[in-house]
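A.B. asks:
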Amino acid sequence: MTVPSQTHPRLKMPSNFSRAMGFLKLTSSQMSPRILIAALALVIGLLLSWLLMSTSGDDSSTKEPSRMVKQIVEPVAPNPTSDRKIREPSDRDPKFDPNAIPYERIIAFASEDAYRRFLEKLANSKIRNLGQIDGLRAVRLGFDSLADFNGLGLEPGDLEFNYPVSVPELREVAPQTGIVGFNNSALEFLGITVDNSEWGRGVKIAVIDTGILPHLALSENIRHINLVELTEGVEANSHGTSVASLIAGNHPNMKGVAPAADLISVRVADETGYSSSFLLAQGIIEASNAGAQIINISLGSEGDSPLVRQAVDYATERGAVIFASSGNEGSANAAYPAGDPDVFSVGAVDALGQHLNFSNADNDLAFTAPGLEVQAAFPGDNITSFTGTSGSVAFPVGAVAAIMSESPTPITARMATEILRTYTNEAGTPGADPQYGLGMIDVGRAMQRNTPGIEDLAVASQTYLFPTEDNRSSGLQVSIENRGTEPLYQSTVNIGIAGDQYPVTIQSLQPNERKVITIPAGLGLLMEEGQLTVKSDITLSTGNRDAKPANDSRNEVITVPENGP
316 MTVPSQTHPR LKMPSNFSRA MGFLKLTSSQ MSPRILIAAL ALVIGLLLSW LLMSTSGDDS
376 STKEPSRMVK QIVEPVAPNP TSDRKIREPS DRDPKFDPNA IPYERIIAFA SEDAYRRFLE
436 KLANSKIRNL GQIDGLRAVR LGFDSLADFN GLGLEPGDLE FNYPVSVPEL REVAPQTGIV
496 GFNNSALEFL GITVDNSEWG RGVKIAVIDT GILPHLALSE NIRHINLVEL TEGVEANSHG
556 TSVASLIAGN HPNMKGVAPA ADLISVRVAD ETGYSSSFLL AQGIIEASNA GAQIINISLG
616 SEGDSPLVRQ AVDYATERGA VIFASSGNEG SANAAYPAGD PDVFSVGAVD ALGQHLNFSN
676 ADNDLAFTAP GLEVQAAFPG DNITSFTGTS GSVAFPVGAV AAIMSESPTP ITARMATEIL
736 RTYTNEAGTP GADPQYGLGM IDVGRAMQRN TPGIEDLAVA SQTYLFPTED NRSSGLQVSI
796 ENRGTEPLYQ STVNIGIAGD QYPVTIQSLQ PNERKVITIP AGLGLLMEEG QLTVKSDITL
856 STGNRDAKPA NDSRNEVITV PENGP
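Heads up, the working numbering is the position in the sequence shown plus 315, with the first residue counted as 1.
#1: Which residue's Cα is closest to the Cα of E601: A489, A584 and N541?
#2: Excluding the 5 residues preceding and the 5 following S776 in the sequence, name in chain order all residues of the same chain whose CB lies nearer than 7 Å to its CB.
#3: Put F593 into one of helix, strand or coil per three-state DSSP.
#4: Taking 7 Å as the cut-off, decide whether the C-beta atoms of F497 and A666 are in contact.
#5: Among Q669, P880, I507 and S592, which residue has its Cα nearest to the Cα of G713?
#6: Expressed to the nearest angstrom, what Euclidean distance is found between the alpha-carbon atoms of G814 and M842?
#7: Please return the same chain residues whose Cβ sits closer than 6 Å to the Cβ of Y817, not counting the five positions on each side in sequence.
#8: Given this structure, state the Cα-to-Cα distance separating S730 from D757, to the nearest angstrom.
#9: Which of the three DSSP states is assigned to E435 in this structure?
#10: With distance defined between alpha-carbon atoms, name the residue in I812, D771, L791 and Q822 nearest to D867.
#11: Smallest Cα separation from N444: which of F593, L803 and A573?
#12: Counting only the same chain and skipping the five closest in sequence on each side, list residues whose C-beta sits under 6 Å from that of A747.
#13: Quick check on F497: does DSSP put it in helix, strand or coil?
#14: Are the CB atoms of G526 and R582 nearer to each other than 7 Å?
#15: Which word fits T704, buried or exposed, when buried means at least 16 other C-beta atoms lie within 10 angstroms of its C-beta?
#16: Could you name each continuous beta strand (DSSP E) segment of 3 residues or more that falls completely within the segment 695-771, going from the start of the chain to the end?
#17: For N809, which three-state DSSP category applies?
#18: Going by DSSP in three states, Y629 sits in which element: helix, strand or coil?
#19: Rank G799, A653, V480 and N786 by C-alpha distance to the C-alpha of V774 and give the top, closest one.
#20: How about the segment 454-470 and the segment 569-583: do they share at least three Cβ pairs that are nearer than 8 Å?
#21: Quick one: residues in its chain with C-beta nearer than 7 Å to the C-beta of D655, no 5 flanking neighbours on either side, listed in chain order?
#22: Would you mind listing the alpha helix (DSSP H) stretches within the segment 778-847 that are 4+ residues and don't spill past its ends, in chain order?
#23: Tell me where the alpha helix (DSSP H) around S557 begins and ends.
#24: What residues are listed by DSSP as bridge partners for H539?
#25: When the distance is taken between beta carbons, is V661 closer than 7 Å to S700?
#26: Going by beta carbon distance, what residues of the same chain come within less than 7 Å of G668, once the five residues before and after it are set aside?
#27: Out of A489, I523, A559 and S481, which has the shortest C-alpha to C-alpha gap to G588?
#28: Can you tell me whether G548 is buried or exposed, with buried defined as 16 or more other CB within 10 angstroms of its CB?
#29: Would DSSP call I853 helix, strand or coil?
#30: Taking buried to mean at least 16 other C-beta atoms within 10 Å of its own C-beta, is Y804 buried or exposed?
#31: Looking at V572: is its Cβ nearer than 7 Å to the Cβ of A761?
#32: Please state whether DSSP places L461 in a helix, a strand or coil.
#33: Write down the C-beta distance between S720 and R516 rounded to the nearest angstrom, noting that I regard them as a contact closer than 8 Å.
#34: Check whether the Cβ atoms of D677 and P745 lie closer than 7 Å to each other.
#35: Please classify P490: does DSSP put it in a helix, a strand, or coil?
#36: Which residues in the same chain as V658 place their Cβ atom closer than 8 Å to its Cβ, once the five residues preceding and following it in sequence are excluded?
Put into structure tokens, the structure is as follows:
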């Protein structure tokens, strides 16, 4: 905004002043001395008054002229949470959800007849039709006053809120030391060591995001569905392009998990990465109608939208499998739609397999995958370092496509997802847990599940079991996992706790079987010093050869959780 400069206008000389003399013309004929004195006094007074006003009225000779002042507006990051807090209580609805978009509502109808009748009424009302989804019989409504809804024949419970949806931002969380980024090693971490150029062929994957821009690492045959128009002259946000490259990048320096997959770009977010639950639901419907078998959603929201849940049901009933990023707030619950039980939520780990503090935990978390400084595509045929759960979700999406395309018999996306779940590597506490879900995905292991002769016994995790009021048991828990395709017998695990050794023999372990060894030692030292050094080493029986010796040993320091055991 620009404020015009302001200067005081020069005071004008009275019209009856003589331009030659500068004062009133007076005649002295027939004047008495008393009148003459009075007249002179009046003239002198007027002259002094004019001189004073002239001096104060135009000070341009003694002061700097007023300058043009440009109002500086501090840019606000596209963070719907902070923006919403400024506007509470928003649209004066006492039941307004502060997480929602003010002055907007959504309505959906159970019957086509009711939907069409409402659209007719809407056209003659003060309510604005901001968009509609015929597949869900839903309308996005804009209004200026709640009274505008009078006359539409609606019940109080008919309307639902429209929530902001956006690219997940990295929020400030507790500092995390000792973490290691991936750079270009993500595929190796996932067990992909062969030529995967044909993986994903024939599988349709929808990326519901900010759109996919042209890039050397991506196919030119991408179908584009744009539900959001961008500001004129502004390019799409790079987020969707980066996500797409992790799924289907096909360049020697930028390889995705399933390079041959068919991508469908569904743009629901603008150049700032901002969208809404209505647009997300619309994007899911469009993706499903376009034939997407797998849907990637690297966006998140604080609001649990009933309309998005309906869209998820619509897509899954038609055979699609949906994956979404858990979010980057470091919270104990996944963002939506990852929080939907029918969506597979994905968290992030570093190159050492450590859970990252920013990655949202959740009791229903499905998987974890690479999410720190992963090499991804950036507009202009560039490469960027991508961090966050947005990138993590792309890896299981690509993995499911690869499992489908490489299966000797046709399988559905749901069947491929179950295969990926079955062959996920154990991590964290034994079994599924809020930080790792079922564990870290291992694409190579899933792809080689039917290859005979693979011997691979791994130390999957080391965690400490603290006593509770309900269970006084305690000890170091070591998870051992057979990640090969052959049964293993008489394997030895040597467990070290603060220098003390505890050898354990595992009589047998079938392929994909896990065993948890608990050593009741070290609790006193752990509580006293706050940390405990532990190490586990595997030795296979004579005649067996481990395919991946790197996972035979695990050495780490266990600490007491910040919130106590």
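Note that CB positions come from ideal geometry on N, CA and C, so glycine has one too.
C.D. replies: On the basis of the supplied data:
#1: N541
#2: Once the five neighbours on either side are set aside, the close Cβ partners of S776 are E741, A742, G743 and S794.
#3: helix
#4: Going by beta carbons, F497 and A666 fall inside the 7 Å limit.
#5: Nearest to G713 by C-alpha distance, out of Q669, P880, I507 and S592, is I507.
#6: 17 Å
#7: I810 and I834
#8: With the sequence shown as reference, residue 730 is identified as Met, and Ser is not the correct amino acid for it. Rounded to the nearest angstrom, the two C-alpha atoms are 16 Å apart.
#9: helix
#10: D771
#11: F593
#12: L753
#13: Three-state DSSP puts F497 in coil, outside helix and strand.
#14: yes
#15: buried
#16: Secondary structure within the segment 695-771: the beta strand (DSSP E) runs of 3 or more consecutive residues, fully enclosed, are 697-701 (chain order).
#17: strand
#18: helix
#19: G799
#20: no
#21: R624 and V627
#22: 838-844
#23: Note, S557: alpha helix (DSSP H), H554 to A563.
#24: S580
#25: In this structure, V661 does not lie closer than 7 Å to S700 by Cβ.
#26: A742 and M755
#27: S481
#28: exposed
#29: Taken through DSSP and simplified to helix, strand or coil, I853 comes out as strand.
#30: Under this definition Y804 is an exposed residue.
#31: no
#32: helix
#33: R516 and S720 do touch by the CB rule: their CB atoms are close to 5 Å apart, below 8 Å.
#34: no
#35: Of the three classes helix, strand and coil, the one that applies to P490 here is coil, per DSSP.
#36: Within the same chain, V658 has close Cβ partners I612, V627, I637, F638, A639 and P652.
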